[in-house]
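In our numbering, the protein residues as written are 2 to 87.
Quick reminder that beta carbons are idealized off the backbone N, C-alpha and C, glycines included.
These numbers come from a predicted model, not from an experiment.
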Amino acid sequence: MAFGPEAIWDQSIGAYVVYWTSSMYPPGTYYTSDRDDPNGRHPLTRNQTLYTTTRDFVTFTPAKVMSGRPGHGTLDARPAAHPGRP
Numbered sequence: 002m003a004f005g006p007e008a009i010w011d012q013s014i015g016a017y018v019v020y021w022t023s024s025m026y027p028p029g030t031y032y033t034s035d036r037d038d039p040n041g042r043h044p045l046t047r048n049q050t051l052y053t054t055t056r057d058f059v060t061f062t063p064a065k066v067m068s069g070r071p072g073h074g075t076l077d078a079r080p081a082a083h084p085g086r087p
């Protein structure tokens with residue numbers, strides 16, 4: 002599942018950066034609403050923001066983690082330009 006997919010043009014690489022948030026679970030596990038689940042499968046602790054790049058919205062680079070780490074969820078990330086940097 003993808004939450005809030007968005008795309009921005011990155012002039013420095015000449016491509017769009019597409020980013021979204023997904024709940025990430027280890028292989029063979031699944032969602033549970035149990036906040037006390039011993040396997041840590043509660044969704045809010047599994048959200049990570051991922052990104053890919055594309056020039057044509059047909060082909061994409063492999064997805065990579067933009068932000069988030071296991072046990073610390075992220076949602077609705079928004080990249081920001083840094084003055085003086087590409």
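Problem - Supposed close pair S68, T50 - CB separation, criterion 8 angstroms - result: 5 angstroms
Exercise for the section: From the DSSP output, in three-state form, read off T55 for me. Expected result: strand
Exercise for the section: Within 10 angstroms of the Cβ of V59, are there 16 or more other Cβ atoms? Answer buried if so, exposed if not. Expected result: exposed
Problem - C-beta contact flag for R56 and A16 at 7 angstroms - result: yes
Practice task
Could you check the C-alpha separation between W10 and A78 for me, to the nearest Å?
Solution key: 16 angstroms
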